[in-house]
Amino acid sequence: MIKSLSATAKKLFGSKLYNDIRANYLFRDLDSPYPLYPDTPFNMDWSSLSAAGPQSGANVAEVKAAYIVSPTQRSGTNFLSHMLDKHPELEFLSGADLPDEQCLYTYSEHLKQYAYKTVSTWNKWIDGGEPVLQEHARALMGAMGNGVLQYFARFAKPGSTLLFKTPDAGHLDNFFHLFPQCKVIILYRDGRDTIESFSKSWGGKGAFRKMCERWSKRVDTIFEFEAMAGKAGYSDRIITTRYDYLNDSAREELPKILKFLNVDVDKYPWDQIDEIPVLGSSSYKGDQGEVHWKPVEKDEKFKPTQKWLSWDKSKKDIFKKAAGDNLVKLSFAENNDW
């Protein structure tokens, strides 16, 4: 196609004028690689995933990993990550020189663009056309994701399943493009408690409405992610849990997650299950007067649910309008008459 257009242009303008125009175009930017590698656009559908199954590249070491995701902050990801970290086969990488929230998919749009733009320069060498280019782009994304996991594996004990968390579902649709072998633990908290906790931690009246809208939008993102994963056969790599279940009945809820992660349930130190500290609570701060992320031992004063009961009608109406439908879909309420 490109060769035929070039031949037509040469006939139309003559070789000398054609070459002058071409040179001015190709060298219009001295930093551009275009003189040697013109990018050729192709249709790239990122809304679908490669079919689940063994990935190409048998010589690439696979890192076992699981990722805790919540719609937004204030959902209990600290609590769950520290709970899982007590299992000897699981390792949540954190400490003075490592992040507690890794955000490994948050900026994945840039990697998606990189993969597309890079593969678009390969067109003249690829005989299989767009289907092959598309698979190259997806495989390149997966290879970059594997490299990220390999980087973090350097800090872990050999053989451990790495645990990551990000309390925001933005760009979750890119997750399995980056980490096709990774498992995902979706953690929900009653949106009303999430918003109340957020408001006490950082928000004001103006932030309340925006946070309600953000929570609901992120829940929609998770629904779309689950649907996308289901079409490609990735449903068995996703499990959903709730903060109130973990807080009220951990001995019943946690074994489900441990089995999902393929670790020995009996190796969990069940005698320590009630010792999981509170981190980052908006109301339970120990001796400190502001939100912090230092461990605080729980006692009978710790009440993480139904924080929203003090809301006036105005706040309730704002939440119902912005997020009430998703609250019902997640079974935190039977309807919007609360």
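Numbering-wise (the working numbering), the sequence shown opens with residue -8 and increments by one. Glycine residues also receive a C-beta, built at the ideal position from the N, C-alpha and C atoms.
Original post:
For S226, which of helix, strand or coil comes out of DSSP?
Top reply: helix
**OP:** Leaving aside the five residues before and after S415 along the sequence, list all residues of the same chain whose C-beta is less than 6 Å from its C-beta, in chain order.
**Re:** The structure shown does not extend to residue 415, since the chain is modelled only from -8 through 329, so no value can be given for it.
Subject >> Expected contact under 8 Å - CB spacing of T152 and L252 to nearest Å >> reply: 6 Å
Original post:
Start and end of the alpha helix (DSSP H) containing V330?
Top reply: Residue coverage of the chain in this structure runs from -8 to 329, which leaves residue 330 outside it and unanswerable.
Original post:
When the Cβ atoms of the stretch 201 to 212 are set against those of the stretch 68 to 84, are three or more pairs found closer than 8 Å?
Top reply: no
**OP:** Would you identify the three-state DSSP class for G136, choosing helix, strand or coil?
**Re:** helix
**OP:** State buried or exposed for G138, treating a residue as buried only when at least 16 other CB atoms are found within 10 Å of its CB.
**Re:** exposed
Original post:
Quick one: Cα of V60 to Cα of H101, how far?
Top reply: 20 Å
Subject >> For F83, three-class secondary structure by DSSP >> reply: strand
Original post:
Under a Cβ-count criterion, where at least 16 other Cβ atoms within 10 Å of its own Cβ denotes burial, should I213 be classed as buried or exposed?
Top reply: buried
**OP:** Taking all protein chains shown into account, decide if Q263 is buried (16 or more other Cβ within 10 angstroms of its Cβ) or exposed.
**Re:** exposed
**OP:** Along the alpha helix (DSSP H) that carries Y236, what are the first and last residues, could you check?
**Re:** Y234 to D239
**OP:** Take I117 and list the residues in its own chain whose beta-carbon comes closer than 7 Å to its own, dropping the five residues that flank it on each side.
**Re:** V123 and L124
**OP:** Kindly give me the distance between the Cβ atoms of Y225 and L40, rounded to whole angstroms, as I take these residues to be in contact under 8 Å.
**Re:** 7 Å
Original post:
How about H73 and K258: are their beta carbons less than 8 Å apart?
Top reply: no
**OP:** Report the rounded CA-to-CA distance for K7 versus T(-1), giving the unit in angstroms.
**Re:** 14 Å
Original post:
Looking only at its own chain, which residues have a Cβ that is under 8 Å from the Cβ of T355, when we skip the five neighbours before and after it?
Top reply: Summary: the structure shown does not reach residue 355, with the chain confined to residues -8 through 329, and so no result is reported for it.
Subject >> Range covered by the beta strand (DSSP E) that runs through I59 >> reply: A56 to V60
Original post:
What are the start and end residues of the alpha helix (DSSP H) that includes F70?
Top reply: T68 to D76
Subject >> Nonlocal neighbours in the same chain, by C-beta distance under 6 Å from F216, ignoring five residues either side >> reply: L163 and D164
Original post:
Starting from F348 and walking both ways along the alpha helix (DSSP H), at which residues does that stretch end?
Top reply: This structure cannot speak to residue 348, because the chain is shown only from -8 to 329.
Original post:
To the nearest angstrom, how far is it from the Cα of K306 to the Cα of D181?
Top reply: 15 Å
Subject >> CB of L169 within 8 Å of CB of Y96, strictly >> reply: yes
Original post:
CA-CA distance, S99 and K320?
Top reply: 28 Å
Original post:
W299: buried (16+ other C-beta within 10 angstroms of its C-beta) or exposed?
Top reply: buried
Original post:
By Cβ distance below 6 Å, which residues in the same chain neighbour P62 in space, the five residues on each side in sequence not counted?
Top reply: A160, W206, R209 and V210
**OP:** Within the same chain, show all residues whose beta-carbon is closer than 6 Å to that of Q93, passing over the 5 residues directly before and after it, in chain order.
**Re:** F155
Original post:
By Cβ distance below 6 Å, which residues in the same chain neighbour Y58 in space, the five residues on each side in sequence not counted?
Top reply: F155, C173 and V175
Original post:
By the 10 Å Cβ neighbour count, where 16 or more other Cβ atoms means buried, how is Y107 classified, buried or exposed?
Top reply: buried
Original post:
Would a C-beta distance cut-off of 8 Å place Q297 and D184 closer than the cut-off?
Top reply: yes
Original post:
Nearest-angstrom Cα distance between D255 and Q141?
Top reply: 24 Å
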